[in-house]
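For reference, the structure discussed in these notes is given below.
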Amino acid sequence: MLPFDQWLLLGIIALSTTLYITNWLPTEVTAIGTVVLLAATGLLAPAEALSGFSSTATLTVAAMFVLSAGLMRTGALETVTIYLGRFANGSVRRLLLLLALVEVPTSAFMNNTPVVVMMIPVVVSLSKQFNMRPSKFLLPVSYFAILGGTVTLLGTSTNILVADLYRKAGGPGFGLFDFSILGLIYATVGTAFIILVGYRLLPNYSPLVSLLDVRSHSTYVTEMVVGAESKIAGKAAVEVFEQIALNDRPQPPQPIRRHRRLRTTRPANDDPAPTSTIKLLEIIRGGHSYQAEALHGLHLRADDVMVLSGTPKDLHLFQQTSQVQIATVLEDQERTETADLEEQVMEAVVMPQSEVIGRPVSQVMLNRRFNVKVMGLQHQGQQQIQGLRAQRLEVGDVLLLRGKTAGLRMAADSCRLLLVEGVESSLVRKTKNTTALVIMSLVVLLATVTEIPIVVLALAGAAAMIVTKCLRTDEAMSALESSTLLLLVGTIPV
């Protein structure tokens with residue numbers, strides 16, 4: 001029978017594994033909790049329990065995050081892909097092969113997440129250029145990065161961790177290319193399957209979150225307030241709006257707390273709605289919500305809040321001609337006036353590990369922190385019609401934002417949002433892309449031909465990214481993925 005301390009260790013491992021899989025607690029909390037339990041129960045001495053913080057694996061992975069961020073911020077990968085894109089010549093298979101030729105080698109030396117994030121706008125741009133559906137390419141983009149991560153020691157944090165544990169167990173460790181032959185076989189077979197067979201299994205549609213021409217065709221839901229001087233004050237709702245969203249059954253006025261989600265009428269074949277049409281979804285007046293048939297007998301009054309659906313262009317035109325005020329989402333649940341849509345209006349996609357995931361739109365606080373206003377939302381590929389302020393954000397949701405370029409950039413950096421339109425160039429320091437490529441190439445070259453430990457080279461490369469201004473210090477700090485690093489911290493002692 002196993003001694004008690006071994007049963008206790010198995011229990012801690014089982015508990016932490018369950019929490020990692022189910023995500024009942026954040027990864028960071030589970031990792032720190034594991035370290036605390038190992039030290040508190042006496043299974044490990046405090047120095048041993050905390051060894052993950054000083055592990056060469058943790059330091060190497062942290063440095064690789066910074067190196068990857070440097071390549072991403074300078075647009076190095078985007079430049080290469082756009083240059084090679086001319087050889088795709090409109091062929092799905094050629095474009096997939098192109099993506100594989102760029103991604104597999106790149107992700108062999110970079111963390112997968114930045115590679116995928118960099119490639120999303122590139123894939124959309126190439127898809128638009130060749131009039132192809134991005135749905136055929138977005139999933140392969142992720143798979144190519146995973147396949148490339150198996151080729152070298154630097155490919156994934158798992159490779160680095162295993163090499164470090166192997167060395168601590170008395171083995172010689174792994175060199176940069178020790179398992180490259182097996183990795184290349186795996187990557188080649190996987191890539192061939194995706195190009196020859198896998199892409200046929202992928203859908204051929206263009207969802208809202210596919211990031212295609214969103215400014216021209218995608219519709220958003222936003223709120224506008226009827227002012228006392230508005231041209232539509234006193235007019236009947238049916239006189240102002242040609243389209244009013246209807247439920248199957250008429251509804252009387254409802255208290256706002258009892259909002260129901262309205263159905264949307266989808267155009268045939270998922271074509272975009274006519275760009276000259278704005279749909280009235282709801283009027284909020286005096287604490288009540290008027291929907292469906294109840295809107296037909298309603299005359300607009302000052303301070304009425306209209307929930308409207310339309311494209312940014314049409315909403316802008318309506319706001320100008322009707323002299324209404326745009327209501328924007330604030331963290332304190334209040335509405336504020338905005339003069340117009342003349343400032344930058346663009347879409348931002350909620351990316352994995354964004355701090356806004358799981359939070360209501362009204363509590364994101366973009367306006368207070370960055371003077372960036374949320375004017376609309378597409379949730380799970382559909383317009384969010386009811387409960388816009390209370391809607392909790394998920395990965396892939398698209399926010400319609402308004403603000404100055406600097407504020408939008410800071411909001412995207414801080415909250416891990418992917419800005420789709422208008423300011424991508426402000427996020428990329430293209431004058432530094434050659435510098436970033438040289439730094440990364442030197443790290444790989446020296447790791448291959450010298451005996452200098454990879455952790456030293458990676459840390460030197462990360463420092464060089466900051467010194468050469470490929471990255472700001474705050475950007476380097478934000479590039480560190482706490483969940484991954486603390487996962488290593490909690491795993492290494494076990």
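Read in the numbering used here, the sequence shown has 73 at position 73, and its numbers run on one by one without any break.
Every residue gets a Cβ at the ideal spot worked out from N, C-alpha and C, and that includes glycine.
Ranges of the alpha helix (DSSP H) found wholly within the region 400-471, counting only runs of at least 4 = You should have 405-415, 424-427, 433-449, 454-467.
task = Locate the beta strand (DSSP E) running through arginine 285, then write down its first and last residues.
result = Unbroken beta strand (DSSP E) run through arginine 285: 279-285.
key: Unbroken alpha helix (DSSP H) run spanning tyrosine 199, endpoints   = No alpha helix (DSSP H) contains tyrosine 199, which DSSP labels as neither H nor E.
request  = Please state whether DSSP places glycine 148 in a helix, a strand or coil.
outcome  = Note: glycine 148 maps to helix in three-state DSSP.
request  = Determine which residues share a DSSP beta bridge with serine 180 and list them.
outcome  = Checking the DSSP bridge columns, you'll see serine 180 has no partner listed.
query = Count the other CB atoms within 10 Å of the CB of isoleucine 181; is the residue buried (16 or more) or exposed (fewer)?
reply = Answer is exposed; the Cβ neighbour count stays below 16.
Reference alanine 302, options Leu295, Gln291, Ile283, closest by Cα = For the residues Leu295, Gln291, Ile283, the minimum Cα distance to alanine 302 belongs to Ile283.
inquiry  = For isoleucine 439 and glycine 461, which I take to be in contact (beta-carbon distance under 8 Å), what is that distance rounded to the nearest angstrom?
reply    = Rounded, the Cβ-Cβ distance is 5 Å, consistent with contact.
key: Expected contact under 8 Å - CB spacing of serine 68 and proline 114 to nearest Å   = At roughly 4 Å, the Cβ-Cβ gap stays under 8 Å, so serine 68 and proline 114 are in contact.
request  = Work out the CA separation of valine 189 and glutamine 378 for me, nearest whole Å.
outcome  = Going from the Cα of glutamine 378 to the Cα of valine 189 covers about 37 Å.
query = For methionine 346, does the three-state DSSP call read helix, strand or coil?
reply = Correct three-state label for methionine 346: strand.
Glycine 297 classed as buried or exposed, judged by whether at least 16 other C-beta atoms fall within 10 angstroms = The residue is exposed, with fewer than 16 neighbouring Cβ atoms inside 10 Å.
Run of the beta strand (DSSP E) containing serine 289, from where it starts to where it stops = Element bounds for serine 289: 288-290.
inquiry  = Cutting at 7 Å between CB atoms, please list the residues of its own chain near valine 92, excluding the five before and the five after it.
reply    = Beyond the five residues adjoining it in sequence on each side, valine 92 comes within less than 7 Å, by CB distance, of Met132, Lys136, Tyr199 in the same chain, given in chain order.
query = In terms of residues, what are the limits of the beta strand (DSSP E) holding glycine 310?
reply = Run containing glycine 310: 305-310, per the beta strand (DSSP E) assignment.
task = Return the chain-ordered list of same chain residues with a C-beta closer than 8 Å to the C-beta of leucine 446, the five sequence neighbours on each side being excluded.
result = So the list reads Ile452, Leu457, once near-sequence residues are dropped.
ask   = Going straight from the alpha carbon of leucine 317 to that of lysine 404, what length do you get?
value = Spanning the alpha carbons of leucine 317 and lysine 404 requires a straight line of approximately 20 Å.
ask   = What first and last residue would you give for the alpha helix (DSSP H) that runs through glycine 42?
value = Glycine 42 -> no alpha helix (DSSP H), and no H or E assigned at all.
query = According to the neighbour-count rule (16 or more other Cβ atoms, all chains shown, within 10 Å of its Cβ), is alanine 14 buried or exposed?
reply = Around the beta carbon of alanine 14, fewer than 16 other beta carbons lie within 10 angstroms, which makes this residue exposed.
message = At the level of alpha carbons, what is the spacing between glycine 75 and leucine 147?
response = Looking at the backbone, the Cα of glycine 75 and that of leucine 147 are separated by about 22 Å.
key: Cα-Cα separation, glycine 52 to alanine 348   = When rounded, the distance between both Cα atoms is 36 Å.
inquiry  = How far does the alpha helix (DSSP H) with methionine 64 in it extend, from its first residue to its last?
reply    = Annotation for methionine 64: the continuous alpha helix (DSSP H) segment containing it runs 56-73.
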